[in-house]
Amino acid sequence: MAESPNAGAPGESGRPLPADWQGWASAALALLGFCVCLVAWLNGGGSISLPWVPSLNMHLSFRYDGLAALYSMLACGVGALVFCYGTGYLSLHLSHQHRPARERWRFWPWMVLFAMSMVGVATAQDLVLLFVFFDITAICSYFLIGFDKDEQDARRAALMALLVTVASAVALLVAAVLLYARYHTFSLPELIERIDSGPTTTAAAALLAVAALAKSAQVPLHFWLPKAMAAPTPVSAYLHSAAMVAAGVLVLGRVHPLLAHSQVVLTGVLVVGLASIVVGGISALGQDVLKQVLAYSTISQYGYVVMLYGIGGRAGAGAAAFYVLAHGVAKSALFMTAGAATMATDQDRLSRLGGLGRRRPLLAVAAALAAANLAGLPLTVGFFKDELFFEAAAGAGPLLTGCGVLAAALTLAYIGRFWVLLFLGPTRAEPRRIPHVLTAPIVILAGIGVVGGVMPQLFSRLAADAGSVTSASQLTLSPGYHFDTRAGNLMALGAWTLAAVLLALPRLRNGLARWWLRVGGRFGPLRVYTRSLRALSRLSSAIHHREVRDLRSSVAAVLVPAGVLTGISFAVTPISGAYTFGAVGDVDWLILPLLGLVIIATLAVARASARVGMVLALSVVGFGLAAVYALFGAPDIALVAVVVETMITLVFIGALARLPRPGAAGELEVRAGDTMPDDTGRRRRNLAAGGLAGLAAFVTVWGFLSAPSTAPSVAGEYINRTPSAHGEDVVTVIITDFRGLDTLAEITVLLVAVVGVAALLRKGKLW
């Protein structure tokens, strides 16, 4: 295989795929974004606020503070390297699946939009605006996870991720509404200033936490992330390490001052973080697929961050920010390592790989440094993330101290197993040469991890600024190497010892992992999700079958409850004097016979057995109402009604002419199994339902007209403003100006219907 980043990968025709200039342009855009974010951070940031919906006190408000700087630079910086990696990976990926290069257009725009929306999440200062960007990331992830649209696993994984993250995002919106109802603002800074303890605050804080935890794939809403590994590796290396999953803990960091007013919510966050560490860590020990190991690792690693936010305080906030930064650098490199190994060998399982260190020493060394970074070994920036984590856990009590040791031991055990099985041992799959662009980003990220291990101040200042926003107080971080018996050092030694035991006893490790996965498969949330989805599918099928089989029941299901509810309202509401008779004018004596004719024609439609008779009776209804419009002083509407009614009548007659002839004596044919039209019981039920609904509508309208509202009407405002819209009549102005968007939507619906009919006509079939 050629060494150039994109050339040498044969396409469908056997020729090399063209250079991925879309990917390189995306990488350049991300690099530019990183530079802008870096300069803005060094210059102290800033803010901007524009009116959005002033009546609801909503603003397009953005602030570039320390927290925004950390996540924006992480999204853009790691994004630039992942995009470079993707230029080589995507070409090979499409080539192996015999797909054309033009499908890159379905990939890169979503990656760039995701990066932009991630910056939006980081900088948004309005809860509704935060919700919008939060949902955009979910939509982008849906298309990126489902990029291999012909693969059933990819489609299912994309739908699962969308359902979980979008449904949880609704919790964020509900929390925003609750807070607005109490404090009359969506602005986060204003909420932080005004908020106090209480049931509303607790409920809103819990909803915010649920939305954030689901986005970060925390227990029990973690099951979507391993399934999302069906996405191409660049998606996993970006979204599932430094971007989408990070968006959840970003929201936790942003709203933490709100959560701090509810100790119950903080305790729940702490418990979820601990559970995610254990579930993700043990599950990662038992995985065989490369990306599955890293997926469960991500669940566990973000559990660290969630646990730190649950601990709270200055120590927890600073350690959480530093942990996110170090983890994003390490995990992206490891995901890209998995993709490079798969591309080189066509294998994605540890049991089928091994010995790659002898064939690809540079990749092995870079992956070793990234793994050491994740495991928190000395001389990497990961050592300091663990140091800060240990300090925060030790300060929270002995229980969390022990949990911290167990968490770090699991991390070292599963990432050590990952690297050893991949790069050491016998060579089970001979690797091909891979483009340099698949290795260079891994080397760069590994180098950044080592530089951070030597000069942690490069990371600590940014993390301190971010932690200051979360803790609402200025803090400083001073990570360093300490050769003494402080709690952090003792916890690190204990974790390394326990990890060595797990690595040295594979039977114990594998047995624990198998038992855990078996229990999780039987009682875990994935099973609940699957069964719930199947139950909803069965319910939907039953409802659909019922509606399609019996239209009368569907109509009655709407009409009868409406009539019953109206009757109940009349039973409990005083109606004395509510109904009056108005004066009868000269025009009314002409309208009353017309309405009587319409009623008679309507009954004739329901009673007719011949097709032509039904159409003619229906046309009498339409023409009669057109005459009523004309008598009420709306000749233009009457003219439109006449034209439409004429067209509909002609279409009906033309369509009926193409149908099979009716039965003898002009009666409608009845298919086998259908209920006969003269079924007495059915007709009585229909009459009762129709009569109940009609009576309810009649008395409701009569009541409204008997006591008209004295408030200014929209219709009057339309009439008054018609001259300012340069229109000659109010109807035209309403259609084209006041309700122009409605008209556009209606035209769009008609166009869609026309396209559908045209497609049927082209295929030569109408039904």
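For the sequence shown, the residue numbers in my numbering are 1182 to 1948.
All C-beta atoms, glycine included, are put in the ideal place defined by N, C-alpha and C.
Is the distance from the Cβ of residue i to the Cβ of residue j below 8 Å?
i     : j     : result
V1259 : S1652 : no
L1550 : V1631 : yes
L1506 : L1255 : yes
L1686 : A1594 : no
L1440 : I1373 : no
Y1483 : Q1399 : yes
R1598 : L1693 : no
M1292 : F1264 : yes
G1648 : F1564 : no
A1789 : L1806 : no
I1458 : A1588 : yes
C1321 : L1340 : no
A1357 : V1436 : no
G1538 : A1545 : yes
Y1477 : F1570 : no
R1609 : G1535 : yes
A1342 : I1326 : yes
W1600 : A1552 : yes
Straight-line CA distance for residue i to residue j?
i     : j     : result
A1668 : N1554 : 21 Å
V1682 : D1665 : 24 Å
A1723 : T1711 : 18 Å
V1935 : A1798 : 28 Å
A1811 : L1775 : 12 Å
A1282 : A1390 : 41 Å
T1479 : H1421 : 7 Å
P1622 : T1518 : 10 Å
N1901 : G1884 : 27 Å
D1918 : Y1899 : 10 Å
I1829 : L1784 : 19 Å
S1395 : F1404 : Sequence inspection shows Ala at residue 1395; the Ser mentioned does not correspond to that position. Rounded to whole angstroms, A1395 to F1404 spans 10 Å at the Cα level.
F1312 : A1836 : 49 Å
L1876 : V1430 : 56 Å
A1940 : V1933 : 11 Å
I1271 : L1231 : Residue 1271 is actually Leu in this sequence, not Ile. So the two alpha carbons sit approximately 40 Å from each other.
L1212 : L1262 : 8 Å
M1410 : M1524 : 15 Å
G1675 : D1331 : 48 Å
V1914 : S1905 : 10 Å
L1771 : V1802 : 16 Å
G1499 : H1508 : 14 Å
V1753 : V1739 : 22 Å
What do you get for residue i, buried or exposed, if any count of 16 or more other CB atoms within 10 angstroms of its CB means buried?
i     : result
T1657 : exposed
F1762 : exposed
W1286 : exposed
T1678 : exposed
G1862 : exposed
P1660 : buried
Y1662 : exposed
S1800 : buried
R1388 : Reading off the sequence, residue 1388 comes out as Leu, not Arg. It is buried - the Cβ of L1388 has at least 16 other Cβ atoms within 10 Å.
Q1468 : buried
R1852 : Per-residue confidence for R1852 stands at a pLDDT of 46, beneath the threshold of 50, marking its modelled position as unreliable; no derived number is given.
E1909 : exposed
M1239 : buried
For a test of the three-state rule: what should DSSP assign to residue i, helix, strand or coil?
i     : result
G1227 : strand
R1530 : strand
V1765 : coil
R1244 : strand
P1559 : coil
A1398 : coil
G1578 : coil
T1608 : coil
R1667 : coil
M1410 : helix
T1891 : coil
A1789 : coil
H1442 : coil
Can you check DSSP and say which residues form a bridge with residue i?
i     : result
M1239 : V1234
D1307 : S1368
V1470 : R1530
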